[in-house]
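Those protein sequence lines, which keep their order, are chains A, B, C and D.
So that you can map any letter, position 268 of the first sequence is 264 in our numbering, and since no number is skipped, the others follow by simple counting.
So that you can map any letter, position 310 of the second sequence is 306 in our numbering, and since no number is skipped, the others follow by simple counting.
Count along the third sequence from 1, then add 125; that gives the number in our numbering.
Count along the fourth sequence from 1, then add 125; that gives the number in our numbering.
Following: one structure in structure tokens, then a few remarks.
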Amino acid sequence: MRRVYLDSNATTPLRPEVVAAMMPVFTEHFGNASSIHWFGQHAKSLIDDARQHLAKLINAETAEIVFLSGGTEADNLAIRGIAESQKSAGRHIITSQIEHHAVLHTCKDLEKQGYEITWLPVSHDGLVNPADVRKAIRKDTILISIMHANNEIGTIQPIDEIGKIAAEADVYFHSDGVQSTGKIPVNVKSLGIDLYSMSAHKIHGPKGVGALFVKKGTALKPTMTGGGHERNRRSGTENVAGIVGFGEAARRAREGLMQDMPRVGQLRDRLEAGLQSHIELIHVNGGNAPRLPNTSNIMVDYAEGEGLVISLDLKGVAVSTGSACSSGSLEPSHVLTAIGKTPDEAHGSLRFSLSTMTALEDIDYVIEVLPGIVDRLRELSPYYKKV
Amino acid sequence: MRRVYLDSNATTPLRPEVVAAMMPVFTEHFGNASSIHWFGQHAKSLIDDARQHLAKLINAETAEIVFLSGGTEADNLAIRGIAESQKSAGRHIITSQIEHHAVLHTCKDLEKQGYEITWLPVSHDGLVNPADVRKAIRKDTILISIMHANNEIGTIQPIDEIGKIAAEADVYFHSDGVQSTGKIPVNVKSLGIDLYSMSAHKIHGPKGVGALFVKKGTALKPTMTGGGHERNRRSGTENVAGIVGFGEAARRAREGLMQDMPRVGQLRDRLEAGLQSHIELIHVNGGNAPRLPNTSNIMVDYAEGEGLVISLDLKGVAVSTGSACSSGSLEPSHVLTAIGKTPDEAHGSLRFSLSTMTALEDIDYVIEVLPGIVDRLRELSPYYKKV
Amino acid sequence: MAYSEKLLDYFQNPRCVGEIPDADAVAEVSNPVCGDVMKLWVKVSDGRIQDAKFKAQGCSAAIATSSYATEMLVGMNVTEARLITKDQIAKALGGLPASKIHCSVLASDAIKQVLQGF
Amino acid sequence: MAYSEKLLDYFQNPRCVGEIPDADAVAEVSNPVCGDVMKLWVKVSDGRIQDAKFKAQGCSAAIATSSYATEMLVGMNVTEARLITKDQIAKALGGLPASKIHCSVLASDAIKQVLQGF
Ligand SMILES: Cc1ncc(COP(=O)(O)O)c(C=O)c1O
Ligand SMILES: Cc1ncc(COP(=O)(O)O)c(C=O)c1O
Ligand code: FES
Ligand code: FES
Chain A
-3 MRRVYLDSNA
7 TTPLRPEVVA
17 AMMPVFTEHF
27 GNASSIHWFG
37 QHAKSLIDDA
47 RQHLAKLINA
57 ETAEIVFLSG
67 GTEADNLAIR
77 GIAESQKSAG
87 RHIITSQIEH
97 HAVLHTCKDL
107 EKQGYEITWL
117 PVSHDGLVNP
127 ADVRKAIRKD
137 TILISIMHAN
147 NEIGTIQPID
157 EIGKIAAEAD
167 VYFHSDGVQS
177 TGKIPVNVKS
187 LGIDLYSMSA
197 HKIHGPKGVG
207 ALFVKKGTAL
217 KPTMTGGGHE
227 RNRRSGTENV
237 AGIVGFGEAA
247 RRAREGLMQD
257 MPRVGQLRDR
267 LEAGLQSHIE
277 LIHVNGGNAP
287 RLPNTSNIMV
297 DYAEGEGLVI
307 SLDLKGVAVS
317 TGSACSSGSL
327 EPSHVLTAIG
337 KTPDEAHGSL
347 RFSLSTMTAL
357 EDIDYVIEVL
367 PGIVDRLREL
377 SPYYKKV
Chain B
-3 MRRVYLDSNA
7 TTPLRPEVVA
17 AMMPVFTEHF
27 GNASSIHWFG
37 QHAKSLIDDA
47 RQHLAKLINA
57 ETAEIVFLSG
67 GTEADNLAIR
77 GIAESQKSAG
87 RHIITSQIEH
97 HAVLHTCKDL
107 EKQGYEITWL
117 PVSHDGLVNP
127 ADVRKAIRKD
137 TILISIMHAN
147 NEIGTIQPID
157 EIGKIAAEAD
167 VYFHSDGVQS
177 TGKIPVNVKS
187 LGIDLYSMSA
197 HKIHGPKGVG
207 ALFVKKGTAL
217 KPTMTGGGHE
227 RNRRSGTENV
237 AGIVGFGEAA
247 RRAREGLMQD
257 MPRVGQLRDR
267 LEAGLQSHIE
277 LIHVNGGNAP
287 RLPNTSNIMV
297 DYAEGEGLVI
307 SLDLKGVAVS
317 TGSACSSGSL
327 EPSHVLTAIG
337 KTPDEAHGSL
347 RFSLSTMTAL
357 EDIDYVIEVL
367 PGIVDRLREL
377 SPYYKKV
Chain C
126 MAYSEKLLDY
136 FQNPRCVGEI
146 PDADAVAEVS
156 NPVCGDVMKL
166 WVKVSDGRIQ
176 DAKFKAQGCS
186 AAIATSSYAT
196 EMLVGMNVTE
206 ARLITKDQIA
216 KALGGLPASK
226 IHCSVLASDA
236 IKQVLQGF
Chain D
126 MAYSEKLLDY
136 FQNPRCVGEI
146 PDADAVAEVS
156 NPVCGDVMKL
166 WVKVSDGRIQ
176 DAKFKAQGCS
186 AAIATSSYAT
196 EMLVGMNVTE
206 ARLITKDQIA
216 KALGGLPASK
226 IHCSVLASDA
236 IKQVLQGF
């Protein structure tokens, strides 16, 4: 069976070049980067190189990149680290209703510990209004955390404006850049960001590796203590191979930003146009907002998302209903609810997420098979009446 | 130049079989284990298999194994997780003076937050006295954390006795098993352990992957929040390839426990005998206690450890002075200080740590080159007088 | 795939789909958590279910369990049918993943409701 | 390797090792953090250091910097020699990793101490 993978916002396969970069690290350059002997120093230099690739991708200094175990840890460290270090200054945090669970549940946890969280709403197009951020700032606000690009609908938040507002108010600004890193240009300096979360496996790097950009001078209490690795920002033996893979993935992503991503955007547009011309009563969520070039969230009236995903899977096509983490859950997506969808509408949504590895044929195959699937499910629906 | 790697307690190279198991996961079975489509479900089944290998290695149930980013995270989750979940019951923790920094610094951090820590001393052989543990238990004691085998000197603690004491007193018992897992038999059930830390890269698995055994029913507040992975014990997209590698490493380690480890022990004994017959004034730290078969910590009078390490490195031999994490530090090892060494003595210690990949020739090469190095350094010493 | 072959078969080739225009009873139930719905039509005579048809807008588990349950109904007597449980349905389809157990509630609820008047 | 070639050379083949039995001054200093020691012998006449030798029990950086500093001393006049700083020594050997900067203190301290009487 033909296998088409369109769930890149959940995770991606490694690029062959990334595997090639990692291979020798497993068996030859396998030292512990803290060791002073040859094996250790060689490993350390590999990490230094990777750190440069990451820094370059987002225009940071190498000393500002902290390697971690993934995007979830990056979000946790940013939010818990600031909350803990600033708690004598205040306990108010501003975030949005459409953050990834790694931010959402971390803020909820802090809420239980006595922090106050302002959960900003978003427009029907899935955008936070910077004016709302400004209004929400109080004397005891210690952190603003607004994601760069949303993982479910791909909308890109106006974080440059939010960065300015945060800087004026002298409040730390964290942005979850897990979905944007390597897909759209990022310049942490011009965006006025203090903390930026990244994850390797969304851009053809390995799972279990992430990074947090921490602007020089940012007070951050570590969440993981031990040997004092990563300049005391994060303890634990460095995952050298994973970091090397992340570095290579970042390098390739940066090189591809100008060529690969526009092509991905064209494929995504072709998908949306193709589906819209073959299937009635479908809508693109967040379609009027600036979006990641690779993401398309489509609401199908009179059909349920999981049934669509399973049907597509049986045809070899991998997509998701929302974020992978919550794919076991019956609850409607909090993102779709936040943009004003009813639970019912939210339940009929499909997320297609492409990557630089997506082929034109993959798209055309989906345009070929999905209409029949939707027809079949709609015929089962007690509400659907053919027009 | 011949390269001899005798720093396996810092980290190890991957076994070829481990690399082979991981390879297809990077590019073919790369799904996000939370996704409901084929790619995701396949990834999930790979994780399930790995979880079985881990469970089998230490005689746990699969549901009791939580995959994490390493031993440091395992220690942090165990200690912080219990401290947080039990804080209304009490804030007293018992640990030892020779724990790894991941335990040591985490307890220090809790100390700053108002927890009380009892730091148990160890004997000159590097052993905690179970009677001391019993005496230290108070009404408000919520956790006992005593490592299984020490990373610097290899001494194996009487954790079976400590486990009994903890169970009688109804206090949670955590043991850092990062160095013991896969090197000596471990049975968490008969040892009376509630939490047990493990790390893949010490047994020829990948860095950046670890696990915590969490006995069924243990109340543990997660330190990493987000998508609710690992049965809500640890959020973050699972590092499927890394977990598969850990599983394979665990499986091989279990198979090798009865054959490989005795051979490693013989090589270690040959090393100690060879060095003692060729170099005067050297002593084996912890030599009278039960030790890991792969570890030898040797104190060389009238020479300094880092100089020995660098000299050996220039001959192609990788060893360390103490734990890799602190190898950048001037401070004497807290472990050697705890067993009664002066800072001066502690500074003259070398750690050799072998693995199943160590060859007889590696050992003989060290016995050949080290005497000359020691001689040269001793000749520089203002204190040394040839006997 | 976390679903059994049999469940997937009932999802892909559902039996007893449709409406019964002259049904003796109709029920419509929805899952309060996800909003998925099932509508069930029956023809009953002599205390026995002569025919049953369903329609559903829901997940694959909802569709498969609804179809299987509807098929079960045909020919059953009403008293027996009332005893059908969600677990029985789920089990007959090879079990359901933990997060999907609630999906079979649709069918068992619809049966209970549609048979209320008999 | 975090050390320069030059530093490693001074560590492996240290110059000016030894004792001067009829030295004009001897100093022994130790690093308070790690306990490593350096002993320095000098012969001084006409305000000029005629000969210098050292012994050290310490890390590779300590041995290399001690050796290099001792070698520098020979032929220098005392006033100049007093101005030698730890950074100067470290720099001449290609720099030191952050955690090792303190190791060159041994040599600069020993120089200051041994020249105290002149
Ligand atoms: C926006 C966003 N933030 C955070 C994460 C978590 O990153 P990771 O999967 O590396 O834990 C993800 C993906 O899962 C994401 O899409
Ligand atoms: C005893 C012990 N505990 C914990 C750790 C930390 O594990 P990791 O290196 O996987 O973070 C190590 C090794 O570094 C160790 O030897
Ligand atoms: S998810 Fe709604 S019934 Fe299954
Ligand atoms: S470590 Fe003691 S002087 Fe370098």
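The beta-carbon is built from N, C-alpha and C at its ideal position, and this holds for glycine as well.
Determine, for K164/D, whether the minimum Cβ-Cβ distance to residues of chain B falls below 7 Å. yes
Any idea if M254/A is buried or exposed, counting beta-carbon neighbours within 10 angstroms, 16 or more meaning buried? exposed
Report the start-end ranges of each beta strand (DSSP E) in the segment 305 to 375 of chain A that is 3 residues or longer and not cut off at the edges. 345 to 349
At least three beta-carbon pairs within less than 8 Å, the segment 168 to 184 of chain A to the segment 108 to 122 of chain A: no
Measuring only from the beta carbon, is V230/D closer than 6 Å to any heavy atom that is part of ligand 1? no
Going by DSSP, what residue range makes up the beta strand (DSSP E) through A152/D? A150 to S155
For the segment -1 to 9 of chain B against the segment 345 to 359 of chain B, do three or more pairs of beta-carbon atoms, one drawn from each stretch, fall closer than 8 Å, so that the two count as touching? yes
Rounded straight-line distance, which links the Cα of I133/A to that of H88/A: 9 Å
Name the chain B residues that come within less than 8 Å of G172/D, Cβ to Cβ? Going along chain B, no residue has its Cβ under 8 Å from G172/D, so there is no contact; the nearest lies around 27 Å.
Check whether the segment 284 to 294 of chain A touches the segment 257 to 265 of chain A, taking contact to mean three or more Cβ pairs, one atom from each stretch, closer than 8 Å. yes
For A215/C and M19/B, the rounded distance between their alpha carbons: 37 Å
Ordered along the chain, which non-local residues of its own chain (more than five positions away) have a Cβ less than 7 Å from that of L64/B? A70, L73, G206, A207, L208 and R230
Give me the residue from S345/A, L332/A and L216/A with the minimum Cα distance to D297/A. S345/A
Taking Cβ positions, are W166/D and E196/D nearer each other than 7 Å? no
Express the C-alpha separation of L310/B and M194/D in angstroms, rounding to a whole number. Residue identity differs from the one stated: residue 194/D is Ala in this sequence, not Met. Distance between the alpha carbons of A194/D and L310/B: 23 Å.
Hey, does A189/C have any beta-carbon neighbour from chain A nearer than 7 Å? no
Within the continuous alpha helix (DSSP H) that includes H279/B, where are the two ends? Element bounds for H279/B: not the alpha helix (DSSP H) but the beta strand (DSSP E), I278 to N281.
Could you confirm whether any beta carbon from chain A is found closer than 7 Å to the beta carbon of K337/B? no
Exposed or buried, what is L208/C when buried is set at 16 or more other beta-carbons lying within 10 Å of its beta-carbon? exposed
Taking Cβ-Cβ distances shorter than 9 Å, what residues in chain D pair up with E251/B? None at all; the shortest Cβ gap to chain D is about 37 Å.
Taking 7 Å as the threshold (beta carbon to beta carbon), is K178/C in contact with chain A? no
CA-CA distance, P154/A and V118/A? 12 Å
Mapping the DSSP letters down to three states, classify T137/A as helix, strand or coil. strand
Look up D234/C in the DSSP assignment and say whether it is helix, strand or coil. helix
Any idea if D128/C is buried or exposed, counting beta-carbon neighbours within 10 angstroms, 16 or more meaning buried? For the record, residue 128/C in the displayed sequence is Tyr; it is not Asp. Y128/C is buried by the Cβ-count criterion.
Sequence-distant residues of the same chain with beta carbon closer than 7 Å to A56/B, five excluded per side: V184 and F209
Please report the straight-line C-alpha distance between G232/A and K211/D, rounded to a whole angstrom. 33 Å
Inter-residue Cα distance where the pair is E164/A and M201/D: 58 Å
Beta carbon proximity, S316/A to chain C, threshold 7 Å: no
Can we count T210/D as close to ligand 2, meaning its CB is less than 6 Å from some heavy atom? no
In the DSSP assignment, find the unbroken beta strand (DSSP E) run with Y192/A in it and report its ends. L191 to S195
Between the Cα of A85/B and those of E95/B, D136/B, P378/B and S141/B, spot the shortest distance and give me the residue it belongs to. D136/B
Only counting the same chain, and skipping five residues up and downstream in sequence, which positions put a Cβ closer than 8 Å to that of C156/D? According to the sequence as given, residue 156/D is Asn; it is not Cys. Excluding sequence neighbours, N156/D sits near V162, G183, A187, H227, C228, V230 and L231.
Determine, for L304/A, whether the minimum Cβ-Cβ distance to residues of chain C falls below 7 Å. no
Along chain B, which residues have their Cβ under 8 Å away from the Cβ of D161/D? E300 and H343
Which value, in whole angstroms, describes the spacing of the CA atoms of N125/A and I161/A? 12 Å
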